[in-house]
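Some notes on the structure that comes next.
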Amino acid sequence: KSDSTTYGITTVSVNNNDYVSAEFKNGDTVLFTVPADKLYKKKATPEPAPKPGEKSKLDKMKEKAKEMIERNPNLTPEQKKEFESKIDQAQTPDVIKTILKNAADKGKENQNDPSKKQTITDNKNGGNAKKEKEKEQKKEEDKKQKEQKNKELEDKKKKASYEIDNLNNLTTDEKKKLKEQINGKGTTEDPNGATTPEEVQKILDDAKNLNEAHEMVKVGELPFLDHGTGKDEDKALNDILGSKSAKDSVLTTLEEKIKDGSTATAEEIKNALDAAKRQNKINKTNAKAAANAKLNALEQEITSAESALTDAQKTDDVKAKISAAKEAITKAKNTVNSATKPSQIKDALNIDATIKDAKDAINTQVSNAQKNNVKDPSQTQNGQLDDEKKKQIERINNSNLSKDEKEKAIEDIKAATKSGDPTAIADRALKAQKIKDALEAIGKLEHLNDAQKKAYEDIINTTDAHNIKDDDGKDTGKDDIDNALANATATDTAMARLEELKKKANEFKDKADGKYSKLTNSDDDQNKKKAFDGYLKDATKLTTADQGDAKNADQVNDLYKDLLNAMQAIDDKVKGAGVSTDALQAEVDKDSKLKPTPADPNDSTKLATPGDPLYTTASKEKKEAFDKALSDAEAALKTANDDNANDKKPGTTPRTPEQEAKAQKAVDDALQKLEEARKALDGVNTKLLEQQIAKDADIKANVKYTNADTDKKQTYDDALAAAKKLITDLTTPSAAGASTPQYGDITLNTKENKQKALDAALKKLQDAAEALNGRAPEPTPTPTPADVDKTDLAAEIALDSNIGRRMSYTVSPSDKQLAYDRALSKARAVYADPSATQDDVNAAVEALRAAARALSGYGSVDNDVNPLPSPLPTPVPGGHEGDSSHGFGVNDNAPTTVDKGELNVQIDSAESDSQPGNAGNGNAGNAGNANAGNTNSGNTNDANANNANGANSAAVNAAVENSPAVKQADAQVSKAQAALDAALAEAKKVAADPNATQAQVDAAAQKLSAARKALASAKAHAAEVRASVRAQVLKSGVSKLSKTGSNVSVFGLLAAVAAAGAAFFVAKRRGTSRHSNN
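Counting with this note's numbering, you get residues 356 to 1433 for the letters of the sequence shown.
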């Protein structure tokens, strides 16, 4: 450095002294010298290379530079993009600095450019930058998600390919094709294969189905399908079912679908596989059923043979062998039920040796008995049969069968030639009504086809009706009748559901623009169509009465499931028929009435009900079991109805066939348990005995009781007391810890014993009543003065028993009845009074006639007849209603015994009268009954009628029915019937009224009793009129009828009829009624 004045540097030269420093001169003057270490800059150390994964300093500088450009608000997006592109191409930091400077300069320039003003404003507010940043972020996220999905797809493909490689039943070619579907063929047409994980999974599922199909067609994999080999499992299956070896068609179909070169789709293969599995299951069920049937037959054979042995013949050795046989049978049943192959079932049936040992032991005892005890008939086989017959005849005689039914059963038992037959005959006879009811119930099942009905009817018609025992030998209380009826009911329910689904299926098929109509010609759609059409055809055939097979409930339900699956395969929104609740609803409705119910205080229409003796006389345990079953059934019914209602709502998810089947099973189980609980009730019907007890007041008011021998009266009183106590014991629950009540030596602990006691009590009470031997004392003739004539008085009193007089009395008001009763009582007193004067007699006659004339309808019922009085008058002791000769045995107005008991008896009796063939409903008034009345004692009309040619009967009938006398008698019957109907309706109303007073109950009972009696009298009168008129007609016309063989003129016969009618009434008025006291 020079201290001299500087004029500026003119030259710089190397110092010649060291040749490294530099001299700065002004002319020749050295101004200053710069040493070498100050003159030259050292070369920079090279930047180390970046580590793997790290960015270089240049790259980092580029990122910062681009960020600076991005943040510059004065640049447009296009300018930013341009400068950032240049930075990407820069090779040195200086170039980057230059680019940054240029960018900054461009920004300043833009500030003065009006066209860029809005862009700069937006940039300063962050709008465009933010949008661009979000756009870039989304783009980056989408890229990452796509990469992730591609990775998952590739992982899924690798895993699926690996699983396919390990499906050992697939061929190499099948594996290759399936993996190509997953991974693609690498060609332009199919570079990548499946594009979603779902596609990959479906291909894998198809591969597994195909692998399983290959496995299933192997011998032994579907063991209950016949592979047509005729050996091993095939032979065992055919031996069990008694069939010939032939390859199952479902197996052939499956093999066709999976063979090399097959064009079957995965869906077709799956359907064929499912069909094969289903048939295998059906064959399995049938094989087990056949095996169990054989075992049951063996068990029954052993049991029957054992029962034929006497106690002495049942030695320890025999017992041991019988026990071994039964154990072998039980073990075989368990093996059969758990078997997975036909050979296991066949092996289980191989117990012949054990069975033979038991049979031999039994036969040895029988043979020994025959050899050693020939002199003792009771020890021979025939002797044992005779003993069995004797026991079964005793069962029949002690039963409730009618006389004819008993005679028929006993005749069949006596004709039996084999041991066990008498018992079977007795079982069927004693269950004849049960068999009849079951057949009737099956006949009423509306949904069974003809073959199904016949199958169940055949079971019932051929059963020996013995009770079935469980595996422990315990009586189940059920027989073939119960099982057949239960199975028939279940099948009927299944058929009802199938019929409903069939309707839906047809609507589904015929719906315009429906899913079915839009099925294409693709293999998949055509397979769906074929399956649906096939199942619909099967359902249509099965539900056609004269075409369907005898399929059981399970088989019908399988078809329902197949049809609904086929429908839902076409349209997943299709809904099934729902759960059938008709049978359960009917059972609940019926069984609810068995229980007594209180009146509803909030609803006057809901009256108290007494319940049914079947329930009220049942034991506590049976009632509780029934109550629970009824409650469970009501809950199951509500659940099913709610589910059905929900299923019908639009938009709800359709139930699958499996879900519907589960819900239907819950309903069917509830129905079965309720039916079993009802049948298990050990109550009995006490109504017949109660009705007989209710007749006590009538009986004791009658001379047959009042004048009976003391011992006869005591026998009746004892029988009555015992009967009343029996009703109390049956209807009153026993206190806790109390002993079970008895009737005589019969303990009331079972339904059978209760019924036996009821029958015995009823018979004892009826016999005691019949044995009463009281008679009315013979009246002592009263001497009457010769100048007093009582003839008219006697005749007028006798008219009291005339049907017309009694009809008139019945329909008259109470004041007229009372006046007549008093006049009649006075007339009888005068007639019996030996000191009565002629004036007394005349006055009594006139008074009685006047009272009779005052009665409604006097002289002719064709007059205006008033309805029965309400309430009826209280009977006057000794008067008309008190006459014990009137209506005994017709249950007339006896006083009420307890509460509404007498009223209920009258109602029951009135309704019973109306049944065909019952008392009070004879056909005397029936115009079609040509022979009515011809069996009267001393009447020769039968012979006369038989002399008439059959061709003439129409003319005779016409003549009789056109008779004025017959018509008048029929009119009386009609009016009496109308009066009874009115009285019955009123009685029912009073009986149902919980607030009815005792006076109202008594009045209704008396009114109904009087109406019944009047109707019975009217019908009897009509029968007498018709018989008399017929006799006169035949008498007048028989000669012409028998001689000519032609029809006699109706007009001629009518003339005879008119005369006959007149003669009849004259005779009735002149004669003395058989009901008269005189």
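Here a beta-carbon is modelled for each residue, glycine too, at the ideal position from N, C-alpha and C.
These numbers were taken from a predicted model, which means no experiment stands behind them.
query, result
"Bounding residues of the beta strand (DSSP E) (the contiguous stretch that carries V385)", "384 to 389"
"Where A849 falls: helix, strand or coil (DSSP)", "helix"
"8 angstroms contact criterion, which A995 and V934 should meet: CB distance rounded", "5 angstroms"
"The segment 1115 to 1124 contacting the segment 1085 to 1094, beta-carbon criterion three pairs below 8 angstroms", "no"
"Enclosing alpha helix (DSSP H) for A1331 [first to last residue]", "1319 to 1347"
"Paired residues, beta bridge with T366 - DSSP", "K380"
"Three-way DSSP call (helix, strand, coil) for D1002 in this model", "helix"
"Beta carbon of A839 nearer than 8 angstroms to that of A905", "no"
"Beta-carbon proximity of L1127 to K1079, cut-off 8 angstroms", "no"
"Cα-Cα separation between Q1046 and K1368, rounded to whole angstroms", "17 angstroms"
"Run of the alpha helix (DSSP H) containing G832, from where it starts to where it stops", "Unbroken run through G832 is the beta strand (DSSP E), 830 to 834; no alpha helix (DSSP H)."
"Coarse secondary structure for D373, derived from DSSP in three states", "coil"
"Sequence-distant residues of the same chain with beta carbon closer than 7 angstroms to A631, five excluded per side", "M571, L577, L580, V605, L606, L609"
"CA-to-CA distance, T620 to D880, given in whole angstroms", "11 angstroms"
"Residues near P1349 in its chain [Cβ-Cβ closer than 7 angstroms; skip 5 each side]", "A954, L962, A963"
"Residues near P777 in its chain [Cβ-Cβ closer than 7 angstroms; skip 5 each side]", "E743, K744, Q747, I768, A771"
"Closest by C-alpha distance to G597, when choosing among A645, S617, K563", "A645"
"Backbone secondary structure at V1403 - three-state DSSP", "Confidence at V1403 is low in this model, with a pLDDT of 41, below 50, so its placement is unreliable and the value that follows should be read with caution. DSSP places V1403 in coil when its eight states are reduced to three."
"Residue from A1373, I1262, A713 with nearest C-alpha to K1343", "I1262"
"Test item: CB-CB of V1196 and V1260 under 8 angstroms", "no"
"Beta strand (DSSP E) runs contained entirely in the segment 565 to 646, provided each spans 3 or more residues", "none"
"Unbroken alpha helix (DSSP H) run spanning N920, endpoints", "908 to 925"
"CB of A991 within 8 angstroms of CB of A908, strictly", "no"
"Member of D1188, S1180, A1187 whose CA lies at the smallest distance from the CA of R1204", "S1180"
"According to DSSP, residues forming a beta bridge with Q1361", "Per DSSP, none; premise fails for Q1361."
"E422 versus K406, T1192, I442, residue with shortest Cα-Cα distance", "I442"
"Neighbourhood of G1272 by C-beta, 6 angstroms cutoff - its chain only, sequence neighbours within 5 removed", "Legend: pLDDT at G1272 = 46, less than 50; position of this residue unreliable, value from coordinates given subsequently. Contacts found: none."
"Span of the beta strand (DSSP E) around K950", "Unbroken run through K950: none, as it is neither H nor E."
"Alpha-carbon to alpha-carbon, E976 and T1095", "14 angstroms"
"Where the beta strand (DSSP E) through A706 begins and ends", "The displayed chain sequence assigns Ile, not Ala, to residue 706. From DSSP, I706 is part of no beta strand (DSSP E); its letter is neither H nor E."
"Per DSSP, cross-strand counterpart(s) of Q1435", "Nothing in the structure corresponds to residue 1435, since the chain is present only between 356 and 1433."
"Spatially closest choice to A642 from A627, K625, E656, T690, by CA coordinates", "T690"
"Short Cβ contact (8 angstroms threshold) for G903 with K896", "yes"
"Inter-residue spacing [alpha-carbon to alpha-carbon] between K701 and I595", "7 angstroms"
"Outcome for S877 when other beta-carbon atoms lying within 10 angstroms are tallied against a minimum of 16", "exposed"
"Counted within 10 angstroms of its Cβ, other Cβ atoms place L949 as buried (16 or more) or exposed", "buried"
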